[in-house]
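According to my numbering, the stretch in the sequence shown is residues 260 to 702, in order.
Contents: one structure, followed by commentary.
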Amino acid sequence: MKTQESVTRRTIFPRHVFYGWYIVAAGMGLHLWVGMVGSYALQVFFTPIVQTFGWSRAVVSGAFSLNRIEGSVATPIEGFLVDRFGPRMFIMAGAFVLGLGLVLLSYINSLWLFYVSMNMVSLGSGLCIGVPRNWTIVHWFQRLRGRALGIVSTGGVLIGSLLFIVVWLVDAVGWQPALRILGVATWVICVPLGLVFRARPEQYGYLPDGDPPPGAGEAPSPLPARRAGGAPGDAGGAALTARQALRTRAFWVLAVVFGATGMGTSALIVHMIPYFESIGFTRAQATSAVALFSLLSGVGRLGGGWVIDYLDKRVMMAGILLLQVAAFLLLANVTVFWQVAPFALLYGIAFGAMMPANPVIVSTYFGTRSYGAIQGLIGSATVVSGVVAPVMMGWIFDQTGDYRLAVYILAAVAAAAVPVTFFARPPRPSVEAQAGASSPSHS
């Protein structure tokens, strides 16, 4: 006999469309808006803030680096809490904090207030499109996890194009009123999108991927075939707690690799527009370069999300790092605008592919039992690279008037990490059993 609860759930979530895809659509919208105002658009305000207050680029970049330190503390806490309470309340809170941080940033009159505002922006952005959003996708999808994460990340493809609106807004009303407008718009856009999110599908009468329950007269779709050379554990992964994951070699190797891939991202998310302006491009040309990069990143987001479901995860990570190396070498030698295109293609593919690859690798290696906590802890372990990279680029420019040395350093770090990827083997069953015997069953 059907309970009233099951009837209500079936009415709210009609089965002809798997509700997980509504979550993916909402996640795309969040990625588009939050990725723009919480990351890329801040580059548009970088030069006006430097000019208004006379602070050095290294000092301004330091605010972005402290964001990573704050994130390293907050992200594991977010992960543990999301594992316990689900994602929606945290995404809603993130939308509020992000909007408030942008509004507060428009009123800064001192360096300490600038740092506080930037940390609020970072915290709000992380809550909206960090662990809580990926946690939801990981739990609603299993066979199609890589593809779903790839699709949700395509929300960021149009970010660069929308930056022209931010540039126009700054030119029309000034950088401070523009920040206030963006902050209010964040509340209006992100709060309704956050309401779409739900925790595990089983709570609403679903199985992951929308597969029918056993006995429904319809067999679930088979798992995708794995390549013969796939890494052990690719088909299912372990089911480790956060404490057990910390005791594995795979955790620390992944932290090194993710730190290396994220170093360039952390640096360029702050300095890409300033870099192109420093070599003689106009602000419109620099913004066009970012727009091209974000559009071409769609190739990596969708392609990477599909490939990661089949390919050896270590080969995938090595390929992403090699693309980064090639992209940085091209970037350091850009002299005319057309040369932006090959850089944007290679770096866009690498950057885009890492978005679905990261959560898929973590959930495959360690399982979904404590995914939020483990993902948060890995994020904390990569904090050093995220802190060093933006400040390094700003400091080198302050000392030399040129960013190119910093770009070559980013290329060298990515190249050094390529062989490390092949040490990232998933935990063996014997390791899991040993960890389980010596650790409590809860995270």
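Don't be surprised by glycine CBs; every beta carbon is placed ideally from N, CA and C.
Since the structure is predicted, the reported quantities are computational estimates derived from the model, not experimental observations.
Roughly how many angstroms lie between the CA atoms of residue i and residue j, to the nearest whole one?
i: ASN617; j: SER412; result: 12 Å
i: ALA683; j: THR623; result: 12 Å
i: ARG486; j: LEU580; result: In this prediction, ARG486 has a pLDDT of 36, which is less than 50 and means its spatial position is unreliable; what the coordinates show is noted afterwards. Computed Cα separation, rounded: 21 Å.
i: PRO601; j: ILE655; result: 25 Å
i: THR500; j: ILE637; result: 13 Å
i: PRO467; j: LEU289; result: 22 Å
i: TYR374; j: THR395; result: 30 Å
i: ALA550; j: THR507; result: 40 Å
i: SER629; j: ASP661; result: 44 Å
i: HIS275; j: GLY518; result: 41 Å
i: LEU505; j: GLY313; result: 44 Å
i: ALA671; j: THR680; result: 15 Å
i: VAL450; j: LEU382; result: 16 Å
i: TRP434; j: SER537; result: 20 Å
i: ALA317; j: ALA498; result: 43 Å
i: ALA673; j: GLY564; result: 21 Å
i: VAL512; j: ARG560; result: 23 Å
i: MET348; j: PHE355; result: 11 Å
i: PRO533; j: ILE388; result: 25 Å
i: GLY496; j: SER384; result: Any reading at GLY496 is ruled out, since the residue's pLDDT is 46, under 50, leaving its predicted position unreliable.
i: ALA632; j: VAL380; result: 22 Å
i: ALA509; j: ALA676; result: 14 Å
i: THR594; j: GLY562; result: 30 Å
i: SER365; j: SER525; result: 23 Å
i: ALA648; j: PHE344; result: 34 Å
i: LEU370; j: LEU428; result: 24 Å
What residue from the options has the CA that sits closest to residue i's CA?
i: ALA319; options: ASP657, VAL621, ASP661, ALA675; result: According to the sequence as given, residue 319 is Val; it is not Ala. Checking every option, the nearest Cα to that of VAL319 belongs to ASP657.
i: ASP342; options: ARG392, PRO471, PHE602, TRP654; result: ARG392
i: PHE552; options: ALA514, ALA603, PHE596; result: ALA603
i: VAL558; options: ILE668, GLY415, MET351; result: GLY415
i: PHE400; options: VAL283, GLY321, PHE312; result: VAL283
i: PRO615; options: LEU454, ILE367, GLY523, GLY409; result: GLY409
i: LEU361; options: ASN378, MET651, ASP571; result: ASN378
i: LEU527; options: ALA674, MET651, LEU370, ALA671; result: MET651
i: VAL643; options: SER315, HIS398, VAL516; result: VAL516
i: VAL529; options: GLN310, GLY321, TRP427, TYR366; result: GLY321
i: TRP597; options: ILE567, PHE535, PHE456, GLY611; result: PHE535
i: GLY523; options: PRO533, SER369, PHE610, GLY653; result: PHE610
i: THR659; options: SER315, ALA300, THR311; result: SER315
i: ARG663; options: ALA632, ALA675, ASN592; result: ASN592
i: ALA437; options: ALA648, SER369, LEU363; result: LEU363
Please work out which residues of its chain come closer than 8 Å, Cβ to Cβ, to residue i, disregarding the five sequence neighbours upstream and downstream, and give them in chain order.
i: GLY635; result: THR334, PRO335, ILE336, GLU337, GLY338, PHE339, VAL390
i: MET531; result: GLN302, ALA545, ALA548, VAL549, PHE552
i: HIS398; result: ALA458, ARG459, PRO460, PRO467, THR627, TYR630
i: LEU454; result: ARG347, MET351
i: MET426; result: Before going further, note that residue 426 is Val rather than Met in the sequence given. The residues are VAL303, ARG542, ALA543, THR546.
i: ALA300; result: LEU422, VAL425, LEU441
Which residues in the same chain as residue i place their Cβ atom closer than 6 Å to its Cβ, once the five residues preceding and following it in sequence are excluded?
i: GLY358; result: GLY442, THR445, TRP446
i: ALA478; result: For ALA478, the predicted model reports a pLDDT of 45, less than 50, meaning its position is unreliable and no value from the coordinates is stated.
i: MET613; result: THR520, ILE579
i: ALA407; result: VAL283, ILE396, PHE400
i: ILE620; result: LYS572
i: ILE448; result: TRP292
i: ARG346; result: Note on identity: in this sequence residue 346 is Pro, with Arg being the wrong assignment. Result list for PRO346: PRO391, TRP394, THR395, PHE456, in chain order.
i: LEU590; result: PHE602, VAL666
Please work out which residues of its chain come closer than 7 Å, Cβ to Cβ, to residue i, disregarding the five sequence neighbours upstream and downstream, and give them in chain order.
i: ALA352; result: LEU386
i: LEU291; result: GLY414, GLY415, LEU417, ILE418
i: PRO678; result: none
i: LEU452; result: ALA285, GLY288, LEU289
i: ILE567; result: GLY405, MET575, PRO615, ALA616, VAL619
i: LEU372; result: none
i: SER265; result: Only weak support is given to the placement of SER265: the predicted model assigns it a pLDDT of 43, under 50, and the question is left unresolved by the model.
i: GLN310; result: none
i: ILE367; result: PHE373, SER376
i: VAL599; result: ALA548, LEU551, VAL593
When the cut-off is 9 Å and only beta carbons count, does residue i lie next to chain C?
i: ILE367; result: Reference to chain C is not applicable here, since this structure consists of a single protein chain.
contact_flag[the segment 432-448, the segment 279-298] where n(CB pairs < 8 Å) is 3 or more: yes
Three-pair Cβ contact test at 8 Å for the segment 450-467 versus the segment 279-291: yes
Inter-stretch contact (C-beta, 8 Å, three-pair minimum) for the segment 606-621 and the segment 540-556: yes
Touch test, the segment 661-673 against the segment 568-575, Cβ-Cβ under 8 Å, three pairs minimum: no
The segment 582-595 in contact with the segment 420-430 per 3-pair CB rule at 8 Å: no
Cβ pair count under 8 Å reaching 3, the segment 530-549 against the segment 299-309: yes
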